[in-house]
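> Before anything else, here's the structure in question.
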Amino acid sequence: MELDPKALALFTEGYDKILEGIGLLGFDVHDENFADTAKRAAKGLHELIHDQKQVRADVDALLAKTFPAKYTEMVISKHNTCFGMCPHHLLPVIYRISMAYIPTEKVLGLSKLSRLARLIARAPRLQEDLTHELADILHENLASQGSAVYIEGLHMCMAARGVGAHEARLVTSGVRGVFLELATREEFIKLVVAPPTTLV
Ligand SMILES: [Zn+2]
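Quick note: the sequence shown uses the numbering used here, first residue 278, plus one each step.
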């Protein structure tokens, strides 16, 4: 994903200020370990916040390449590790995202679900909204019979500060179409919460 030079410059300016503040706390921010830190941190931040115009274009391109469906059972992509950010603290979130849909006419290529989750996750967005957005895309854009999304989030704002609850995971789920039926929803949840097995 391309970095926006204007956003990057503003992020760098912001981190220069943050370093000034860190200097007040007894740290020598002119030490060589801090040389170029503002620039590096700005780049790091930008990598967690994708330009939404580029994301939309990439998602459209990704969804444009589908295959005719021969299979009309549940397609699941589970335990995709993705990174995002909470809008309240601008601290990173590590997600484990599982998604499913039941095709009508078209299916996505194998790696596309993982790519889709990674594209959408990198934004300062509520986990709840991320869940709904993925469920909507897999239902509406794929014209599927239904979709389901299950996300566990490890939020640094809860783990590394505040309550320090690093063991807590925020769990959200969203269902559309045929997944609103209890049996289908239960099948999906049962499959995604099953303990990981060693495949190879
Ligand atoms: Zn937060």
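Glycine is no exception: its CB is placed at the ideal position from the N, C-alpha and C atoms.
These numbers come from a predicted model, not from an experiment.
With H, G and I counted as helix, E and B as strand and the rest as coil, what does DSSP make of M433?
It is helical.
> Can we count H443 as close to ligand 1, meaning its CB is less than 6 Å from some heavy atom?
No, ligand 1 has no heavy atom inside 6 Å of this Cβ.
> Can you give the Cα-Cα distance for S375 and H307, rounded to whole angstroms?
Rounded to the nearest angstrom, the two C-alpha atoms are 45 Å apart.
> With DSSP collapsed to three states, give me the class of I397.
I397: helix per DSSP, three-state reduction.
> Pairs of beta-carbons, one from the stretch 315-324 and one from the stretch 339-353, closer than 8 Å: are there three or more?
At 8 Å Cβ cutoff, the stretches do not touch.
> How many Å lie between E290 and A319 at the Cα?
Using only the alpha carbons, I get a separation of about 9 Å.
> Whose C-alpha, out of E405, P473, A460, is nearest the C-alpha of M351?
The shortest Cα separation from M351 among E405, P473, A460 belongs to A460.
> Using only Cβ atoms and a threshold of 5 Å, which residues come within that distance of a heavy atom of ligand 1? Order them by chain position.
Per the Cβ criterion, the list is C363, H365, H366, C434.
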